[in-house]
Amino acid sequence: MSQSLGYLLQLLERHYSLKMVMLYLDMPPTFKHICLKVLDLLGNKPDVIFSTDMYVEDSIKSQERLRRGTSDKILLEGVNTRRPADFKLFLHNGDNKKQLFKLMLCVWSSEETAE
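Under this note's numbering, residues 521 to 635 are what the sequence shown spells out, in order.
This is the structure we're talking about:
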């Protein structure tokens, strides 16, 4: 699965169905394990740049997202929070994506992951 990370980022960005995500990545049940799976897919590389979209309120991009519709914000109460059944719907909320990326940073920089 050499292109798996690319698939994940494209799937997250474009909101493909949960079935497509699971097809490529065998989606883990908790957010911690999702973060670890993404890190594992990066392989043993010395330098990695992980870039995401910015979510600026009142921007044209933000207004377009509102026009398309949004989902409810789900509070991620920690790394062991279970993934929602409808992951695609989860990704329709910019705050949810921000939380996911913050969680990735937290998990990736933890002592446990460093080992």
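For glycine and all other residues, C-beta sits at the position ideal for the given N, C-alpha and C.
Cβ neighbour criterion (16 or more within 10 Å) applied to residue i
{"i": "K552", "result": "buried"}
{"i": "I580", "result": "exposed"}
{"i": "V576", "result": "exposed"}
{"i": "L556", "result": "buried"}
Presumed contact (8 Å Cβ cut-off) between residue i and residue j, rounded CB distance
{"i": "K593", "j": "D560", "result": "That pair is no contact at about 28 Å."}
{"i": "Q619", "j": "L596", "result": "5 Å"}
Backbone secondary structure at residue i - three-state DSSP
{"i": "R603", "result": "coil"}
{"i": "D567", "result": "coil"}
{"i": "N613", "result": "coil"}
{"i": "L543", "result": "Reliability fails at L543, whose pLDDT of 44 lies under 50, so the model's placement of it is uncertain and no value is given."}
{"i": "S591", "result": "coil"}
{"i": "M574", "result": "coil"}
Residue i, enclosing alpha helix (DSSP H) - first and last residue
{"i": "K557", "result": "551 to 562"}
Nearest candidate by alpha-carbon position, reference residue i, set the options
{"i": "W628", "options": "G589, I569, M574, D573", "result": "I569"}
{"i": "L611", "options": "D573, C626, E632", "result": "D573"}
{"i": "S591", "options": "E584, N613, S630, D606", "result": "N613"}
{"i": "R603", "options": "S630, E631, L562, L623", "result": "L623"}
{"i": "I554", "options": "E635, G563, E631, T601", "result": "T601"}
{"i": "C626", "options": "A605, K617, V599", "result": "V599"}
Short CB-CB distance (under 9 Å) between residue i and chain D
{"i": "T550", "result": "Absent from the structure: chain D. Only one protein chain is present."}
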